[in-house]
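**Student:** In this note's numbering, the protein residues as written are 15 to 313.
Would you mind keeping the following structure in view while I ask a few things?
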């Protein structure tokens with residue numbers, strides 16, 4: 015098959031012919047019909063993820079068709095249209111049996127722990143636990159976003175952030191995850207502030223539901239601006255980018271008893287950022303992580 019391969023971290027990938035994957039006994043092989051590009055793919059390419067072995071094929075947001083299934087697979091067959099969460103649960107550990115597959119103790123991730131979806135075919139383990147059937151009317155490009163950015167944002171806003179109608183939500187970073195979060199929070203009925211460095215992204219954020227925007231490249235005090243707009247601070251705030259500055263601002267712009275959800279990856283030199291712990295204590299703030307979503311929650 016053809017695949018995008020990088021052989022050294024940080025060097026330009028090339029398209030190569032590589033062996034086709036074979037299904038694990040409890041896994042499948044999918045023909046990739048659509049795949050997305052995520053900031054975490056950049057982290058992997060830069061060498062920030064120690065689970066990657068070179069040479070490597072990236073890609074973890076995907077949708078496609080099952081072309082082969084292992085002998086232990088009972089729910090899926092060739093021809094099924096599917097997607098898969100990027101955090102693939104084993105289905106057997108304590109977290110999986112508790113329903114928390116997204117933090118599986120033995121999770122695998124296409125494009126990180128193994129070769130991913132920047133290829134014609136990709137192998138997925140533990141298929142009965144992790145595959146998600148696509149509605150007939152759903153296009154593959156739409157479905158690919160369900161593997162990471164959209165469901166990651168859904169769980170961050172709905173489950174971890176517990177956003178309710180009328181609350182103020184600040185979203186730091188208007189990439190794929192951030193824009194998805196804006197759509198979801200707006201659909202709930204929250205008042206969303208979009209924060210980014212480019213006017214183009216902020217204009218798009220308005221079109222999909224943001225009631226206010228802040229250009230952090232021209233606003234000297236982002237936290238102050240959020241507190242002015244919200245009359246005291248956001249109820250819930252998300253760092254959708256993954257940077258010490260956006261994480262710090264996301265926590266600092268909360269009102270008392272507010273909730274910060276960290277979704278953007280912070281790896282390498284950014285893995286241990288400063289936290290305004292004085293505000294966390296005095297305002298009784300919550301700091302929460304969010305890492306994808308379980309396959310069974312899709313339905």
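Built from N, CA and C at the ideal position, the CB exists for glycine as well.
I'd like the span of the alpha helix (DSSP H) that includes residue 154, first residue to last.
**Tutor:** 154–158
**Student:** Is the Cβ-Cβ distance between residue 72 and residue 21 less than 8 Å?
**Tutor:** no
**Student:** May I ask you to report which of helix, strand or coil DSSP gives residue 56?
**Tutor:** DSSP places residue 56 within a helical segment (H, G or I) once states are collapsed to three.
**Student:** Identify the continuous alpha helix (DSSP H) that holds residue 198 and give its terminal residues.
**Tutor:** Run containing residue 198: 190–202, per the alpha helix (DSSP H) assignment.
**Student:** Based on the DSSP secondary-structure assignment, which residues constitute the bridge partners of residue 300?
**Tutor:** Looking at the DSSP assignment, residue 300 forms a beta bridge with 273.
**Student:** Taking its Cβ as the centre, do 16 or more other Cβ atoms sit within 10 Å of residue 310, making it buried, or is it exposed?
**Tutor:** By the beta-carbon neighbour count (other beta carbons within 10 angstroms, threshold 16), residue 310 is exposed.
**Student:** Could you tell me which residues DSSP pairs with residue 135 in its beta bridges?
**Tutor:** 45
**Student:** Do residue 134 and residue 191 count as a contact pair if the criterion is CB distance below 8 Å?
**Tutor:** no
**Student:** Roughly how many angstroms lie between the CA atoms of residue 36 and residue 216, to the nearest whole one?
**Tutor:** 44 Å
**Student:** If contact is defined by three or more beta carbon pairs under 8 Å, each pair taking one atom from either stretch, is the region 166–183 in contact with the region 135–149?
**Tutor:** no
**Student:** Look at the alpha carbon of residue 84 and the alpha carbon of residue 123, and state the distance between them as a whole number of angstroms.
**Tutor:** Looking at the two C-alpha atoms, the distance is approximately 18 Å.
**Student:** What does a CB cutoff of less than 6 Å around residue 198 pick up in its chain, not counting 5 residues either side in sequence?
**Tutor:** Only residues of its own chain outside the window of five on either side were considered, and among them 167, 168, 171 have a CB closer than 6 Å to the CB of residue 198, listed in chain order.
**Student:** To the nearest whole angstrom, what separates the beta carbons of residue 256 and residue 278, a pair I think is in contact under 8 Å?
**Tutor:** 3 Å
**Student:** Hey, could you find the ends of the alpha helix (DSSP H) residue 141 is sitting in?
**Tutor:** Its alpha helix (DSSP H) spans residues 141–144.
**Student:** For residue 252, which residues does DSSP report across the bridge?
**Tutor:** Residue 252 is bridged to 185, 275.
**Student:** Taking residue 102 as the reference, give the member of 75, 81, 179 with the closest Cα.
**Tutor:** 75
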